[in-house]
Amino acid sequence: MRIIVNQVAKEVPDQSTIDDVLLLIDAKPPFAVAVNYEFVPKTRHAEEMLREGDEMEVIAPVTGG
Amino acid sequence: MTAPLPNPLNTANPLVLYGETFASRLLLGTSRYPSPQVLENAVKQSNPGMITVSLRRQGTSTTEAHSGFWDLLKKMAVPVLPNTAGCHSPKEVITTAQMAREVFETNWIKLELIGDDYTLQPDTLRLVATAETLIKDGFKVLPYCTEDLILCQRLVDVGCQAVMPWAAPIGTGQGPLNPYALKLLRDRLKVPLLVDAGLGLPSHACTVMEWGFDGVLLNTAVALADDPVAMAKAFAMSVDAGRTAYLSGAMKAQQSAQASTPLVGTPFWHQS
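So the sequences go chain by chain: A and B.
For the first sequence, the working numbering begins at 6 and goes up steadily by one.
For the second sequence, the working numbering begins at 27 and goes up steadily by one.
1) Which same chain residues end up closer than 8 Å to C171 of chain B when comparing Cβ atoms and leaving out the 5 residues on each side of it in sequence?
2) Around the Cβ of G241 of chain B, are there at least 16 other Cβ atoms within 10 angstroms (buried) or fewer (exposed)?
3) What number of angstroms, rounded off, separates the C-alpha of V129 of chain B from the C-alpha of D253 of chain B?
4) Alpha carbon to alpha carbon, how far is P218 of chain B from F294 of chain B?
5) Excluding the five sequence neighbours on either side, which residues of its own chain have a C-beta within less than 7 Å of the C-beta of K301 of chain B, listed in chain order?
6) Where does F294 of chain B fall in DSSP's three states?
7) Determine whether the beta carbon atoms of I120 of chain B and T159 of chain B lie at a separation below 8 Å.
8) Report, in whole angstroms, the separation of the C-beta atoms of V63 of chain A and Q84 of chain B, which I expect to be a contact under 8 Å.
9) Using a beta-carbon distance below 8 Å, is V129 of chain B in contact with chain A?
10) Output the distance between the C-alpha atoms of L132 of chain B and I8 of chain A, rounded to the nearest integer angstrom.
11) Given a cut-off of 8 Å on the beta-carbon distance, is the pair L208 of chain B and E173 of chain B in contact?
12) Using a Cβ-Cβ cut-off of less than 7 Å, give me the residues of the stretch 114 to 128 of chain B that come near chain A, in sequence order.
13) Helix, strand or coil: how does DSSP classify Y206 of chain B here?
14) So does the stretch 50 to 63 of chain A actually touch the stretch 101 to 109 of chain B, counting three or more Cβ pairs closer than 8 Å?
15) Indicate whether the contact test is met: 3 or more Cβ pairs, each with one atom in the stretch 59 to 66 of chain B and one in the stretch 47 to 54 of chain A, closer than 8 Å.
16) Taking its Cβ as the centre, do 16 or more other Cβ atoms sit within 10 Å of L220 of chain B, making it buried, or is it exposed?
17) Is L37 of chain A helix, strand or coil by DSSP?
18) Find the nearest neighbour of F5 of chain A within the set B:Y44, B:K101, B:E118 and B:G201, judged by alpha-carbon distance.
19) Could you check which residue in B:R127, B:G75 and B:S274 has the C-alpha nearest to that of F36 of chain A?
20) Given that A111 of chain B touches chain E, what residues does it touch there, using C-beta distances under 9 Å?
21) Within its chain, find whatever has a CB closer than 7 Å to the CB of F239 of chain B; leave out the 5 residues flanking it on each side and keep chain order.
22) Mind checking if M27 of chain B is an interface residue toward chain A, Cβ cutoff 8 Å exclusive?
23) Please determine, among B:T246, B:S72, B:G291 and B:Y206, the residue with the shortest C-alpha to C-alpha distance to V234 of chain B.
24) Could you give the residue range of the alpha helix (DSSP H) that holds Q96 of chain B?
25) With a threshold of 8 Å between beta carbons, is N245 of chain B in contact with chain A?
26) Nearest-angstrom Cα distance between D143 of chain B and D31 of chain A?
27) Given a limit of 8 Å on CB to CB distance, which residues of the stretch 41 to 52 of chain A reach chain B?
28) Check this for me: beta carbons of R51 of chain B and L41 of chain B, under 8 Å apart or not?
29) Let's see if you can read the secondary structure: which residues bound the beta strand (DSSP E) around Y272 of chain B?
30) Check whether the Cβ of P18 of chain A lies closer than 8 Å to any Cβ atom in chain B.
31) Could you tell me if Y42 of chain A is buried or exposed, where buried requires 16 or more neighbouring beta carbons within 10 angstroms of its beta carbon?
32) Just to confirm my understanding: we take T301 of chain B, look at its own chain, exclude 5 residues before and 5 after, and list those with CB closer than 6 Å. What are they?
33) Using the C-alpha atoms, what's the distance from I77 of chain B back to F48 of chain B?
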């Protein structure tokens, strides 16, 4: 199926979880995840399954003012 | 490089926000420094009570350039204040705050809800409800807002235990553009008030501290100085000077001159 990860289209296997996608994109901790603009805590990354067209955001700490 | 001497004033009269005590009344942003080393040295020299941080998509040039930022944060060991910079809707703010809470492991959040991209003026109409939602979700909210008295009062009404009015638009360095409104705010609101955004010079910081503000938050004025480390120190000193002056009680300004040297016994007094 096709999903969007950090605004880039990705082909991932059906029934992929957030953890599966994080592995696929080689996400480096620390990070946090939102799917379709909803925050998903890390305690749910292993069980939360993605669906066709989902938009996943993986964010990391940066400098700020 | 030696650490600045602790100011006895901070020990005797510390900044307290949401029941927590902070080592300094200066809050410092971490953006736009020439290098991580300069940022680290600026933080060492100014000893801020908190440093502000943010979040961006992983894998972008921004995060790649700051891949060592996390290690630096841990090394500096200063309390962090995540912001919701760049958010234009309550939904974006809330999701960003929740993500920040998980990444930085803190309930503190600098609430930024931008209403206008040119001035970076907060969306004052939606700010109060957004602050209330975050507070109900357990956040300690420091809202970046304008100097409007009623807006700030409403933020306090929904549970903000401190408010951060701007001095001028972010990054302009213009200093306090509306002294009347800022002084009025200080007079009317009893919660801690920190001036956030628009400060360009240590004298700006000193001025608002002399007016009785409880702290300042700044970034660009330090980061874009020719010598950010020295400027960070100058701001820290100016914040302390302004606070000391406020607590000291300034003299009343006079319309006419009053000699400071005693006139009694003056030789040749008005003889011509």
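Cβ atoms here follow ideal geometry from the backbone N, Cα and C, with glycine treated the same way.
Quick caveat: nothing in here was measured; it's all calculated off a predicted structure.
From the atom records:
1) Within the second sequence, residue 171 of chain B is the residue found at index 145, counting from 1. Result list for C171 of chain B: P148, T150, L153, L177, C178, L181, V189, M190, P191 and W192, in chain order.
2) Within the second sequence, numbered from 1, the residue matching residue 241 of chain B stands at position 215. Buried, because 16 or more other Cβ atoms sit within 10 Å of the Cβ of G241 of chain B.
3) Position 103 of the second sequence, counted from the start, is the residue given in the question as residue 129 of chain B. Position 227 of the second sequence, counted from the start, is the residue given in the question as residue 253 of chain B. Approximately 31 Å, taken between the alpha carbons.
4) As a position in the second sequence, residue 218 of chain B is number 192, starting the count at 1. As a position in the second sequence, residue 294 of chain B is number 268, starting the count at 1. Taking the straight line joining both Cα atoms gives about 55 Å.
5) Given a span of 27 to 298 for chain B in the structure shown, any question on residue 301 of chain B remains unanswerable.
6) By 1-based counting over the second sequence, the position of residue 294 of chain B is 268. Collapsing the DSSP output to three states places F294 of chain B in coil.
7) By one-based count along the second sequence, residue 120 of chain B stands at place 94. By one-based count along the second sequence, residue 159 of chain B stands at place 133. Between I120 of chain B and T159 of chain B, the CB-CB gap stays under 8 Å.
8) Taking the first sequence and counting its residues from 1, one reaches residue 63 of chain A at position 58. Taking the second sequence and counting its residues from 1, one reaches residue 84 of chain B at position 58. Rounded, the Cβ-Cβ distance is 5 Å, consistent with contact.
9) For the purposes of this step, residue 129 of chain B is taken as residue 103 along the second sequence, with counting starting at 1. Taking Cβ atoms only, chain A reaches closer than 8 Å to V129 of chain B, which makes this a yes.
10) Position 106 of the second sequence, counting from 1, holds the residue named residue 132 of chain B. Position 3 of the first sequence, counting from 1, holds the residue named residue 8 of chain A. According to the sequence provided, residue 132 of chain B is Thr. The question's Leu does not apply to it. When only Cα atoms are considered, T132 of chain B and I8 of chain A end up about 31 Å apart.
11) Looking up residue 208 of chain B in the second sequence gives position 182. Looking up residue 173 of chain B in the second sequence gives position 147. Yes, Cβ-Cβ distance for L208 of chain B and E173 of chain B is below 8 Å.
12) Listed by position along the chain: K117, T121, Q124, M125 and E128.
13) Start at 1 with the first residue of the second sequence, and residue 206 of chain B comes out as number 180. Helix at Y206 of chain B.
14) At 8 Å Cβ cutoff, the stretches do not touch.
15) With the rule of 3 Cβ pairs closer than 8 Å, the stretch 59 to 66 of chain B does not count as touching the stretch 47 to 54 of chain A.
16) Taking the second sequence and counting its residues from 1, the one referred to as residue 220 of chain B is at position 194. L220 of chain B should be labelled buried.
17) As a working note, residue 37 of chain A is residue 32 in the first sequence. Checking the displayed sequence, the identity of residue 37 of chain A turns out to be Ala instead of Leu. A37 of chain A: strand per DSSP, three-state reduction.
18) The structure shown does not extend to residue 5 of chain A, since chain A is modelled only from 6 through 70, so no value can be given for it.
19) Stepping through the first sequence from its first residue, residue 36 of chain A is reached at position 31. When each option's Cα is compared against that of F36 of chain A, the closest is B:R127.
20) Included in the structure are the protein chains A and B, with no chain E among them.
21) Reading the second sequence from its first residue, position 213 is the one you call residue 239 of chain B. Beyond the five residues adjoining it in sequence on each side, F239 of chain B comes within less than 7 Å, by CB distance, of R212, L219, L220 and V221 in the same chain, given in chain order.
22) In the second sequence, counting from the first residue as 1, residue 27 of chain B sits at position 1. Residue placement at M27 of chain B cannot be trusted, given a pLDDT of 49 that sits under 50; the coordinates are not used to answer.
23) Numbered from 1 along the second sequence, position 208 holds the residue referred to as residue 234 of chain B. Answer by Cα proximity: B:Y206.
24) Indexing the second sequence from 1 puts residue 96 of chain B at position 70. According to the sequence displayed, residue 96 of chain B carries Trp and not Gln. Annotation for W96 of chain B: the continuous alpha helix (DSSP H) segment containing it runs F95 to M102.
25) Position 219 of the second sequence holds residue 245 of chain B. Interface residue, yes.
26) Here residue 143 of chain B is taken as the residue at index 117 of the second sequence, counted from 1. Here residue 31 of chain A is taken as the residue at index 26 of the first sequence, counted from 1. In a straight line, the C-alpha of D143 of chain B is about 34 Å away from that of D31 of chain A.
27) So the list reads Y42, E43, F44, P46 and K47, given in the order they occur along the chain.
28) If you number the second sequence from 1, residue 51 of chain B lands on position 25. If you number the second sequence from 1, residue 41 of chain B lands on position 15. Yes; because the gap between Cβ atoms is below 8 Å, this pair is in contact.
29) Working through the second sequence from its first residue, we reach residue 272 of chain B at position 246. Per DSSP, Y272 of chain B is not a residue of any beta strand (DSSP E); the alpha helix (DSSP H) it occupies stretches across P254 to S274.
30) As a working note, residue 18 of chain A is residue 13 in the first sequence. No, P18 of chain A does not count as interfacial toward chain B.
31) Residue numbering aside, residue 42 of chain A sits at position 37 when the first sequence is read from its first letter. Exposed is the label assigned to Y42 of chain A, since fewer than 16 other Cβ atoms lie within 10 Å of its Cβ.
32) Residue 301 of chain B lies beyond the stretch modelled for chain B, which goes from 27 to 298, so this question has no answer here.
33) Walking along the second sequence from the start, residue 48 of chain B turns up at place 22. Walking along the second sequence from the start, residue 77 of chain B turns up at place 51. Spanning the two alpha carbons is a distance of roughly 11 Å.
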